[in-house]
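Novice:
Residue numbers (the working numbering): -10 to 108.
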């Protein structure tokens, strides 16, 4: 019985920790702590490869958002993508991730009936 009580207490503590983590994660969706930089889907898929942030900035292909309110006013839906550098000299030398990203963009847009936009 003592073992069962200890197990229940540990489960309760674990549940509380999980709920706290969930609350903290949800709270992060109500603000932007750093500027959000977005590239239009059509521009992204016409780049041919992953490009450095600085190059995209200089080409004026990035839209910056500082607040959730600014983001909510944007007429365009957002598809979040992430990648991992696969070499020391460039992010995606074989363009494997880039091609997968463009394919994913096309599939998500098709699924939702969205048109790829440049802005």
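The beta carbon of each residue, even a glycine, is placed where N, CA and C say it ideally should be.
1) Ignoring anything shorter than 4 residues or poking outside the region -10 to 22, list the alpha helix (DSSP H) runs there in chain order.
2) Would you report the Cα separation of residue 127 and residue 38, rounded to the nearest angstrom?
3) Inspect the beta-carbon positions of residue 53 and residue 24 and report whether they are closer than 8 angstroms.
4) Taking only the alpha-carbon atoms, compute the straight-line gap between residue -7 and residue 6 and give it to the nearest angstrom.
5) Excluding sequence positions up to five away, which residues of its chain have a Cβ less than 8 angstroms from the Cβ of residue 44?
6) Taking a contact to mean a Cβ-Cβ separation below 8 angstroms, would you say residue 30 touches residue 68 in this structure?
7) Among 71, 76, 80, 79, which one has its Cα closest to the Cα of residue 115?
8) Curious, which full-length alpha helix (DSSP H) runs of at least 4 residues does the region 45 to 79 contain?
9) Pull up the distance between the alpha-carbon of residue 104 and that of residue -2, whole angstroms please.
Specialist: Based on what the coordinates show:
1) -9 to 16
2) The structure shown does not extend to residue 127, since the chain is modelled only from -10 through 108, so no value can be given for it.
3) In the chain shown, counting from the first residue as 1, residue 53 sits at position 64. In the chain shown, counting from the first residue as 1, residue 24 sits at position 35. In contact: residue 53 and residue 24 (Cβ atoms closer than 8 angstroms).
4) Mapped onto the chain shown, residue -7 falls at position 4. Mapped onto the chain shown, residue 6 falls at position 17. When rounded, the distance between both Cα atoms is 20 angstroms.
5) In the chain shown, the residue the question calls residue 44 occupies position 55. Same-chain partners within the cutoff: there are none.
6) On the chain shown, position 41 is the one that residue 30 refers to. On the chain shown, position 79 is the one that residue 68 refers to. Cβ atoms of residue 30 and residue 68: closer than 8 angstroms.
7) The shown model of the chain, from -10 to 108, leaves out residue 115, and the question about it has no answer.
8) 57 to 62
9) Numbered from 1 along the chain shown, position 115 holds the residue referred to as residue 104. Numbered from 1 along the chain shown, position 9 holds the residue referred to as residue -2. The straight-line gap from Cα to Cα measures roughly 52 angstroms.
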